[in-house]
Every structure is written in C-alpha cells, then in structure tokens.
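Worksheet for the structure shown next.
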Amino acid sequence: MGFRFRKSIQIVPGVRVNVSRSGIGYSAGVKGARITKHANGRVSRTLSVPGTGLSHQSTVGGNRSRSTSTSTAPRRRTPTVAAAPVPQLPPVPPLPPMPPPHAPAWERELFQILHSRTPADYVGVAQRHKHVAPNIRILAAALEGLLHFEFADTNPAAAQRARSLLGWVVAQHVDLSADPFAQRYLAERRWPVQIVHGVTAALRISDDVLILAAAELHQSAGDLPAAIWTVEYATPTAHAALSLADLYSSADRHQDVVDLTNGVTNEDDATALLFALRGRAFAQLGYNEAARESFKEALRVRSRASEVRHRALLERAQVDLSQNRKAAARKSIERVLAEDPTYPGLQEALAALP
Numbered sequence: 001m002g003f004r005f006r007k008s009i010q011i012v013p014g015v016r017v018n019v020s021r022s023g024i025g026y027s028a029g030v031k032g033a034r035i036t037k038h039a040n041g042r043v044s045r046t047l048s049v050p051g052t053g054l055s056h057q058s059t060v061g062g063n064r065s066r067s068t069s070t071s072t073a074p075r076r077r078t079p080t081v082a083a084a085p086v087p088q089l090p091p092v093p094p095l096p097p098m099p100p101p102h103a104p105a106w107e108r109e110l111f112q113i114l115h116s117r118t119p120a121d122y123v124g125v126a127q128r129h130k131h132v133a134p135n136i137r138i139l140a141a142a143l144e145g146l147l148h149f150e151f152a153d154t155n156p157a158a159a160q161r162a163r164s165l166l167g168w169v170v171a172q173h174v175d176l177s178a179d180p181f182a183q184r185y186l187a188e189r190r191w192p193v194q195i196v197h198g199v200t201a202a203l204r205i206s207d208d209v210l211i212l213a214a215a216e217l218h219q220s221a222g223d224l225p226a227a228i229w230t231v232e233y234a235t236p237t238a239h240a241a242l243s244l245a246d247l248y249s250s251a252d253r254h255q256d257v258v259d260l261t262n263g264v265t266n267e268d269d270a271t272a273l274l275f276a277l278r279g280r281a282f283a284q285l286g287y288n289e290a291a292r293e294s295f296k297e298a299l300r301v302r303s304r305a306s307e308v309r310h311r312a313l314l315e316r317a318q319v320d321l322s323q324n325r326k327a328a329a330r331k332s333i334e335r336v337l338a339e340d341p342t343y344p345g346l347q348e349a350l351a352a353l354p
C-alpha cells in the first residue's frame, strides 16, 4: 500500500493549516464543529459529539467529492455513439385489389396471369374471351409485349416479338391508362425503359411505357421513321422529349431538335441530356457559340449521371475539333476515356484526334 504525506499545523487556537501532497488547506472551528477548506477547493463542515466518536461531514461549497476518506478513480464515461441514420426506402406500392366475386371470367383469368412469365398464358386468355371483352386482346398483347421487351437486349427473337406486339398495340390508338382493368390492377406497375444511353426510366402505362418501349425497339431495328412516328403520339414529358430529340438527331433533323428543346431547364438527367442534344443540333447547323452555351448548361450540374456528362463532353469535343481547338478536344475526350473506356462513340472520337 502507498503512504500519504499529511501535516497539520496550528496557527492560532482553533485554526489549522493542513499540508499534503495535493496542496495546502485550512480549517477553523471549535470542539464539535469545524469548517475545512481542502486543497482541492472543496469546503466541508464537520459536526461531532465529543467523546463518542460520532461525527457527520457534509460539503457546503467548492468542488464536491465523496465524503469518505477513501479516494476513488473517476468513472470513465462511455462515449455515446449516435445511431446511423436508417435510409428511407421508397414506399412499397399497394398491392392491386382482388377481382370481386361478380367480376367476369376474363377479368379473373387475366388478373391471375398478370405476373406470368409464360407468353402463351396471355395468348390463351385473349383467344378465349376476345368476343366478350373488347380490350382484352390489346391488354394481353401489351402485357406479353412488355414481357418480351425485358429480354430484347440479349434475345433477338424476343425483341422481334416485342416490337410486333407493342407496335400493334400503339397503332390501335387506345388509351389503356383509361381502361378500367388497367386502372384497377396496373395503375402502379412499372417497367424499365432505356430512353437513351445513360437515362433509364421506370414507367407506368400512364407514363406511355408502351409507346416509348415500342419506339426503342423500332430504333434498335433501324426503323427511324417508325420510331419517330410512334413517339410523336406520346404525352409531352421530359422522357418523351428526350426520346424524340435523340431520334430527330439520329435522323439529322437538327432544326426540329432546336425547336423541341426551346424553353427547357436543366432539372434532371433527362433535361441535361436534352441540352447536350441541343448543343449538337446547333453545331450541325453551324452555330458553334450557341452549341457551346448548350454544352456548358448540360455540364453545369456536377451531380448529373456520368453518362450524361460524357455525351456532352464528346459532343463538345467535336465542336472543338471543327474549330481546330485540338488541345481542348483532347482534354474532353480523355476525361471520358479515364472514366468510362467503353462509352459508345469514344473510340471514334479518339480516332478523330490528330
């Protein structure tokens, strides 16, 4: 055990100076009552009954500590770790209601196969009930076409079947978003559609998923007139405008791109890419400074998808090359090369560098 150094010196009767390793204190009082100023600044009061050994000590000021003579190490406070925020997931869309007992047979059968992965199921329902339900053939063709569309990128047969079905559905000019069956059971169901490289949207029937999917299939097949004709029937939205601007650009209808993109504001990936296409159209029409302003706006918001920025950089590089600004063109192209060596059109841009 350790030794304590402590010395008490009486200055005058009733007043003492206490010297210890921790410092100097003093006390004053009479027998049975004493006030002590400790070295750590604490002030205590001691009351006792002489001759009995009974006493009571309490702190009356200064730094409070435990009244026992045994010193204890201060408790270590456990650091409080803030809970990591739980990311808020998007709300799950409500499940569609079940058909009521009095629903017609075609409605109950079509509902049962809404998520079927077997194309023949849709064909069978359409054939069995085509005489009693006017829209069942269109509904079944739309659902089967969207099923094939999921595999169109890797399966040529699926792409051809999807193009045939969705092209026929669009040609009927029937607004399926107003159909009672679609409103009741398909209102919140979504299908992913790549509008252009770098912009994919999850679309509902009310978002013209059938039109935009059919247009993509026509474009992939090389039929630009059919793709343009299809999208021109879509409701004017940012995604429809982007699809149409890309098609106009591919068909060298550059003035139509400029007219279509007048008044656009940079609000998301789709509208940022519209500025890139607008810049390309201006460049093709010979308005290079207007093209630069469009590319500047397309690149203004750094949080846009990398594919959007890469398209704007490559298009801007073409303008730089046309004006013999070789260093600026190389800088833009090499930025794309560093971030995505597989970006469409990059190899052609590299080959064009002097």
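Sequential numbering from 1 applies to the sequence shown in full-length UniProt numbering. Yeah, the Cβ is synthetic: ideal placement off N, Cα and C, and Gly gets one too.
{"Item": "Specify, as a first and last residue, the run of the beta strand (DSSP E) that HIS202 falls within.", "Value": "Here residue 202 is Ala; the residue named in the question, His, does not match the sequence. Taken as a continuous stretch (DSSP letters only), the beta strand (DSSP E) holding ALA202 covers 199-203."}
{"Item": "Given 8 Å as the limit, is there contact between the segment 334-346 and the segment 293-302, that is, 3 or more CB pairs closer than that?", "Value": "no"}
{"Item": "By how many angstroms is the C-alpha of ALA142 removed from the C-alpha of LEU110?", "Value": "12 Å"}
{"Item": "In the DSSP assignment, find the unbroken beta strand (DSSP E) run with ALA33 in it and report its ends.", "Value": "33-37"}
{"Item": "Quick one: what does DSSP say LEU350 is sitting in, helix, strand or coil?", "Value": "helix"}
{"Item": "Does DSSP put SER303 in a helix, in a strand, or in coil?", "Value": "coil"}
{"Item": "Closest to PHE181 by CA distance: which of GLN219, TYR233, ASN288, ILE136 is it?", "Value": "ILE136"}
{"Item": "Determine which residues share a DSSP beta bridge with PRO192 and list them.", "Value": "ALA202"}
{"Item": "Measuring straight from C-alpha to C-alpha, what distance separates PRO96 and GLU107?", "Value": "13 Å"}
{"Item": "Can you name the residues that DSSP bridges to ARG45?", "Value": "ILE35, SER58"}
{"Item": "For THR265, which three-state DSSP category applies?", "Value": "coil"}
{"Item": "Using 8 Å for Cβ pairs, my map puts SER294 next to PHE275. What's the rounded Cβ distance?", "Value": "5 Å"}
{"Item": "Grouping DSSP H, G and I as helix and E and B as strand, with all else coil, what is ASN288?", "Value": "helix"}
{"Item": "For the putative contact between ALA329 and ALA317, defined by C-beta atoms under 8 Å, what is the C-beta separation to the nearest angstrom?", "Value": "4 Å"}
{"Item": "According to the neighbour-count rule (16 or more other Cβ atoms, all chains shown, within 10 Å of its Cβ), is LEU353 buried or exposed?", "Value": "exposed"}
{"Item": "For the alpha helix (DSSP H) that GLU339 lies in, which residues bound it at each end?", "Value": "326-339"}
{"Item": "Given SER69, which residues of its chain have a CB within under 8 Å of its CB, disregarding the five upstream and five downstream residues?", "Value": "In this prediction, SER69 scores a pLDDT of 46, lower than 50, which makes its location untrustworthy; the coordinate-derived value is nonetheless stated afterwards. Nothing meets the Cβ criterion."}
{"Item": "Under a Cβ-count criterion, where at least 16 other Cβ atoms within 10 Å of its own Cβ denotes burial, should THR261 be classed as buried or exposed?", "Value": "buried"}
{"Item": "On the CB-based measure, 16 or more other CB atoms within 10 Å of its CB, does VAL170 come out buried or exposed?", "Value": "buried"}
{"Item": "Under a three-way DSSP split, which group does PHE151 fall into?", "Value": "coil"}
{"Item": "Between the alpha carbons of LEU139 and LEU114, how many angstroms are there, rounded?", "Value": "10 Å"}
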